[in-house]
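Residue numbers (this note's numbering): 51 to 409. The C-beta atom is built at its ideal place from N, Cα and C for all residues, glycine as well.
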Amino acid sequence: MVQIFHEKDSNLEILKDKTIAIIGYGNQGRAQALNLRDSGMGIIIGNREDNYKDVAINDGFSTYTIKEATKIADIIFFLIPDEIMKETFETSIKSNLKPGSALVFASGYTIGFNLIVPPENVDVILLAPRMIGVGVRENFLNNQGFFSFISVEQNYSGDALEILLALANGIGTLKKGAIQVTFKQEAELDLFNEQGFGPAFGRVLLTAIYTLIDAGYPPEAVLVELYMSNEMSYTYKKMAEIGLIKQVDFHSQTSQYGAMSRGIRFRNIPLKPIMKKVLVDIQNGSFTKEWEKPLTKIKFKAIKFFATKQKINKIENKVRKSLNLKLYDISKEEIPTEEEMSKLKEISEELKLFEQYYE
Ligand code: NDP
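Listed below in structure tokens is the structure:
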């Protein structure tokens, strides 16, 4: 049985006199720091010397280097991008952790896939909001709360779950509910959403766009119909609020009959085997192994560059111009250097496929 925790399950007292360091004052870092401070907790910030640090100072926090903040704190929130966590952990965190302190992650990725192995004499905790940083702050201020995934990987102090639940209460997630999963499950669910659901959804959307444009409908009308009006995001919101099928009642009878009667025509699209393969590659570590390779970082740069050349970018730009919407120049995407391109020679056949796919 999955365990789901709420406010009644936590006691903020356990955090009295504890110093909490937020390492990384970005999307999650700023939102969680402000929420914890508003919940009465003692917060310091550890950040590199730059704009984020200035924002923290403007918000009234004492700021330190990452090493200093780690040395001072009893609880360390590690809220920098997952890709650089391993290196920062080795250079600035690991040797500065106080025995008995708690290390808190907002993503299961680095622990779940053994990229970071913390010392045995600390608690290791997952507190991962299912919400972007701005939403973490907004839903704290409006008392709505938000869902999170939580976990204790290592319980050195013997109090790790109590500490976790008090922190979860402090950031405001227990109003809605915190669901217990493992670090690995959190990472796998997140990666699957990005790799198994996102691209399939993107393909469906693009196919619909090109079907309509090829049939002669004005691109402005097509994009507004399919996503620019925000109508779909409203439907998504209603799915979360009242249920996938129940939200259908918000649509007309014609819409409901049309969607349900035509739905059956799409039943044989072989999505499940592709999704299962994506999931297996995530679960057995193949994806992580691939992403950790230096060559993959260059391959990523090349794929991102190809993606800027997609037909849809030109169509969207033209549509945004005629609808008086702000334009974003994505053609500035970094182009791989000649040296990088020569390193990519060994995967040139694979890259060709990406180039063709994004043409
Ligand atoms: P951001 O990209 O917003 O984090 C930026 C922070 O990391 C800044 O403080 C930045 O400081 C610092 N940083 C960047 N590079 C370095 C570096 N090389 N060395 C030291 N500090 C660095 O991250 P998020 O808030 O998006 O993500 C933080 C964690 O939260 C991740 O584990 C992520 O998976 C998780 N998460 C994120 C969600 C989201 O909506 N974004 C949702 C749920 C979980 P600087 O000024 O030095 O660049």
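Looking at the secondary structure, which residues open and close the alpha helix (DSSP H) in which Thr358 lies? 344-358
Could you please give me the residues that DSSP links to Ala71 through a beta bridge?
Ile94, Ile126
| So which of Ile107, Lys327, Gly220 has the shortest CA-CA distance to Met91? | Gly220
| field | Where the alpha helix (DSSP H) through Val154 begins and ends | value | No alpha helix (DSSP H) holds Val154; the beta strand (DSSP E) holding it covers 152-155.
Does ligand 1 have a heavy atom nearer than 6 Å to the CB of Ala237? no
Should Tyr114 be listed as close to ligand 1, given that the test is whether its C-beta is under 6 Å from any heavy atom? no
inquiry  = Less than 7 Å between CB atoms is the rule here; does Lys121 satisfy it with respect to chain C?
reply    = Among the protein chains of the structure shown there is no chain C, as only one such chain exists.
_Rounding to the nearest angstrom, what Cα-Cα distance links Ile415 and Pro269 in this structure?_
Here the chain has residues from 51 to 409 only, and residue 415 is not among them.
*asked:* At a threshold of 6 Å, does Leu129 count as lining ligand 1 (C-beta to nearest heavy atom)?
replied: yes
task: Note down, in chain order, each residue of its chain lying with its Cβ closer than 6 Å to the Cβ of Thr232, except the 5 sequence neighbours on either side.
output: Ser201
Unbroken beta strand (DSSP E) run spanning Ser201, endpoints: 197-204
Check: Between the beta-carbon of Val369 and the beta-carbon of Leu273, is there less than 7 Å?
Finding: yes
Point to revise | Assigned exposure category for Arg315 - 16 Cβ within 10 Å defines buried | key: exposed
Worksheet item: Since Ile263 sits in a beta bridge, which residues does DSSP pair it with?
Response: DSSP, once it has assigned bridges, lists no residue as partnering Ile263.
Exercise. Does the stretch 194-213 touch the stretch 150-166, meaning 3 or more C-beta pairs lie closer than 8 Å?
Worked result: yes
Spatially closest choice to Tyr6 from Leu86, Leu401, Asn164, Glu275, by CA coordinates: Within the shown structure, residues of the chain are numbered from 51 to 409, placing residue 6 beyond reach of any answer.
Bounding residues of the alpha helix (DSSP H) (the contiguous stretch that carries Leu211):
210-221
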